[in-house]
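Peer 1: Sequential numbering from 1 applies to the sequence shown in my numbering. Beta carbons are placed, not taken as given, at the ideal position from N, Cα and C, and that holds for glycine. Model, not experiment: these values are computed from the prediction. To start, I am sharing the structure in question, which I have written as structure tokens.
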Amino acid sequence: MKNNKEDLLNKEEILSHINDFYYEIDIFDSISSTNDYVKEKAYQKKEGYVCISNSQTKGKGRNGKEYFSPKDKGIYMSILLKPTSSIHDFLKITACASVAVFDAINKNYGINSSIKWINDLYINDKKIGGILCESVLNSNNTNIDYMILGIGLNVHKTKFKNNLSKTVSCIENFTDNFVSRNSLIIDILMFLNKYYNELESLTFLKKYKEHSNILHTYITVNENNTSYTAYVEDIDNNACLIIRKEDNTQVILNCGEVTIRKNK
């Protein structure tokens, strides 16, 4: 597999291949968190602003976890969105971003990744990236004022912290082709723009369900300091999980940590 010495982020190359929705891109060598930076600029910037960094010192994952972001080894990117929609679209936007990343990987390298609800990307049972959406609601708490869509993707080989190598990998491990961060960023942004514009028609949902690694499996659900076993029956039009608990109760799940069970 080819090395990544020449895989430098190129602002001009990215801008020349994306549409005007993404009107401004800032690329940093290092930053604490791209999500936090965009949050600071949210009321100064228009929708479509993009922040990318070569590394993050305090990369953010879900539930306060750190997203490991070594220099030059991945894509660490946040996009500012200002959807004119209700809070019910939050999960849909997260899901369509997952499909955009799936499509970009598949287009460039012919790799079919899988999606773990709601926001993680996997190849062969190894996590290669994730989506972190953070939103601020309007004064009535009914609509989204703005949303920061953070995308973290492990691209090149690196030494992962602690025991992460047992569960985490990178795209480069699954292809003999040179992996270009610029090409991936371009296609992620373009696919995201397509699905975001088609959010109400749910064009992303069929592919999201087809490549879900959690649909029709037994899972452990962790929420509100409790856990229980359930079977995933479907994913609804709001990207919520439709699950059935062991007592045969059907539940619509829109938050919580889920783990795929190897055995029922």
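#1: Classify T217 as helix, strand or coil using the three-state DSSP reduction.
#2: Under the rule that 16 or more other beta-carbon atoms within 10 Å means buried, what is K166, buried or exposed?
#3: Entirely within the segment 203-256 and at least 4 residues each: give me those alpha helix (DSSP H) ranges in chain order.
#4: Apart from the five residues on each side of it in sequence, which residues of its chain come closer than 7 Å, Cβ to Cβ, to I118?
#5: Within the continuous beta strand (DSSP E) that includes E47, where are the two ends?
#6: Could you give the distance in angstroms between the alpha-carbon of G150 and the alpha-carbon of K159?
#7: What is the DSSP secondary structure of I79, reduced to helix, strand or coil?
#8: If you follow the beta strand (DSSP E) that L153 is in, where does it begin and where does it stop?
#9: What three-state label does DSSP hand D125 in the structure shown?
#10: In angstroms with no decimal places, state the Cα-to-Cα distance between K107 and H17.
#11: Please list, in chain order, all residues of the same chain as H216 whose beta carbon is under 7 Å from its beta carbon, the five residues on each side excluded.
#12: Measure how close the beta-carbons of F28 and G48 come, nearest whole angstrom, since I'm counting them as under 8 Å.
#13: Does DSSP classify D188 as helix, strand or coil?
#14: Go ahead and label E272 buried or exposed: buried means 16 or more other beta carbons lie within 10 angstroms of its beta carbon, across all protein chains shown.
#15: Quick one, are the C-beta atoms of G152 and Y43 less than 8 Å apart?
#16: Please name the residue in L241, H211, R181, K245 whose C-alpha comes closest to that of I75.
#17: Looking only at C-alpha atoms, which of L132, K116, N162, C133 sits nearest to K126?
#18: Should the segment 138-149 be called in touch with the segment 31-43, which here means at least 3 C-beta pairs below 8 Å?
#19: Determine whether the beta carbon atoms of N213 and S85 lie at a separation below 8 Å.
#20: Give the secondary structure of K159 by DSSP, where H, G and I count as helix, E and B as strand, and everything else as coil.
#21: What is the DSSP secondary structure of D120, reduced to helix, strand or coil?
#22: Around the C-beta of D187, are 16 or more other C-beta atoms found within 10 angstroms, so that it is buried, or is it exposed?
Peer 2: From the atom records:
#1: Position 217 of the sequence shown, counted from the start, is the residue given in the question as residue 217. The answer is coil: DSSP assigns T217 none of H, G, I, E or B.
#2: Residue numbering aside, residue 166 sits at position 166 when the sequence shown is read from its first letter. Exposed is the call here.
#3: 205-210
#4: Sequence index remark: in the sequence shown, residue 118 carries index 118 (1-based). L91, T94, A95, A239.
#5: In the sequence shown, counting from the first residue as 1, residue 47 sits at position 47. That residue, E47, is in no beta strand (DSSP E); it is neither H nor E in DSSP.
#6: Residue mapping note: residue 150 aligns to position 150 of the sequence shown, counting from 1. Residue mapping note: residue 159 aligns to position 159 of the sequence shown, counting from 1. Each residue's alpha carbon lies about 23 Å from the other.
#7: Start at 1 with the first residue of the sequence shown, and residue 79 comes out as number 79. Residue state, collapsed to three classes: strand.
#8: Taking the first residue of the sequence shown as 1, we reach residue 153 at position 153. Segment 144-154, the beta strand (DSSP E) holding L153.
#9: As a working mapping, residue 125 is identified with position 125 in the sequence shown. Looking at D125 - three-state DSSP - the assignment turns out to be coil, as it is neither helix nor strand.
#10: Locating residue 107 in the sequence shown gives position 107, counting from the first residue. Locating residue 17 in the sequence shown gives position 17, counting from the first residue. Looking at the two C-alpha atoms, the distance is approximately 15 Å.
#11: Walking along the sequence shown from the start, residue 216 turns up at place 216. Cβ neighbours of H216 beyond the five flanking positions: V232.
#12: Position 28 of the sequence shown, counted from the first residue, corresponds to residue 28. Position 48 of the sequence shown, counted from the first residue, corresponds to residue 48. No, F28 and G48 are not in contact; Cβ-Cβ is about 18 Å, not under 8 Å.
#13: The residue given as residue 188 occupies position 188 in the sequence shown. Looking at the sequence itself, residue 188 is Ile, so the reference to Asp does not match. I188 falls in the helix class under three-state DSSP.
#14: A question about residue 272 goes unanswered here, because the residues of the chain that appear run from 1 up to 264.
#15: Position 152 of the sequence shown, counted from the start, is the residue given in the question as residue 152. Position 43 of the sequence shown, counted from the start, is the residue given in the question as residue 43. No; because the gap between Cβ atoms is not below 8 Å, this pair is not in contact.
#16: By 1-based counting over the sequence shown, the position of residue 75 is 75. Closest option to I75, Cα to Cα, is R181.
#17: For this step, residue 126 is matched to residue 126 along the sequence shown. That would be K116, whose Cα lies nearest to the Cα of K126.
#18: yes
#19: As a first step, residue 213 is located in the sequence shown; it is residue number 213 there, counting from the start. As a first step, residue 85 is located in the sequence shown; it is residue number 85 there, counting from the start. It is not a contact, given that the beta carbons lie outside the stated cut-off.
#20: Counting from 1 along the sequence shown, the entry for residue 159 is found at position 159. Reduced to three states, the DSSP call for K159 is coil.
#21: Numbered from its first residue, the sequence shown carries residue 120 at position 120. In the structure shown, D120 sits in a strand (DSSP, three-state: E or B).
#22: Taking the first residue of the sequence shown as position 1, residue 187 is located at position 187. Buried: at least 16 other Cβ atoms inside 10 Å.
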